[in-house]
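A.B. asks:
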Amino acid sequence: MTLRGSESGVLGCVVGCVITALFPIGFLHVAGSTAVDPLAQTISDYIVVPGGYELLGISALALAAAGGLLAAGLVRRRLPGAVPLAGLLVSWSVALVLVAVFPTNAPGAPVDVAAAVHRYAGAWVFAGLPLVVWSLARHSLGGARGLARLAVGGGTLSVAFLLSHVPIVFFGSPGFPLLGLVERVLYGVVIVLLLATAGFCGQQAGVSGPVPAVAGAGGSGE
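Going by the UniProt record's numbering, the final residue of the sequence shown carries number 222, and the count climbs one at a time with no gaps.
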């Protein structure tokens, strides 16, 4: 199988994972429209909606699967730096699993261990992917300036969003009024980065050509 065929399959699977992740989030925005203010409250606050824990978990696990698929695709490409980048992607997927398993606290409730794990894992979810994508663009065979700019933009927004949580986490201050809106924009950036990275890997596979056959693997027909 050529790398192009393999990466095309990865792209299709990543798209499927993204669609799977978006459906529960969309449903929660409708079902929880009276319980959660999407401008001021984060997506994790849909935990208060009946079935919210399960639906948020499905969404996070679907994105974790997408990250795992991209990590496997990077290793198959055999480019310089692919293995460390794949390791970072795996850590990003693990963070999503932690986000799924450990829910945040209900609004107004004290922060417990599960909520703390959720917060710090969520921080890596938002910060880790732009870092991986930017590093991937640097190691690419060329034509990655658009991907790099997208990663830098996403990373800048991620840093600003995470810094806005410092007074909330350490000083108990209320979040700024549009915290939920900014997080939803950042969530969209994560989705775009996943899809753009999967598509870019497919393009790079076409540039790289098929994986060379191992000498003697086909046999001589003796």
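Positions of the beta carbon are idealized from the N, C-alpha and C atoms, including for glycine.
Please return the same chain residues whose Cβ sits closer than 8 Å to the Cβ of L193, not counting the five positions on each side in sequence.
C.D. replies: L129, P130, V133, L150, A151 and G154
A.B. asks: Considering only the alpha carbon of each residue, which of I47, C17 and F176 lies closest to L70?
C.D. replies: C17
A.B. asks: Take A65 and list the residues in its own chain whose beta-carbon comes closer than 7 Å to its own, dropping the five residues that flank it on each side.
C.D. replies: C17
A.B. asks: Expressed to the nearest angstrom, what Euclidean distance is found between the alpha-carbon atoms of L61 and L96?
C.D. replies: 6 Å
A.B. asks: For A40, tell me which candidate among L195, F200 and V185 has the shortest Cα-Cα distance.
C.D. replies: V185
A.B. asks: Quick check: the Cα distance between V30 and P38, rounded to an integer number of angstroms?
C.D. replies: Cα-Cα distance, rounded: 11 Å.
A.B. asks: So, for Q203: in the same chain, excluding its five sequence neighbours on each side, which residues have a beta-carbon less than 7 Å away from its beta-carbon?
C.D. replies: none
A.B. asks: With DSSP run on the structure shown, which of helix, strand or coil describes L147?
C.D. replies: helix
A.B. asks: Give the DSSP-derived three-state secondary structure of G202 in the structure shown.
C.D. replies: helix
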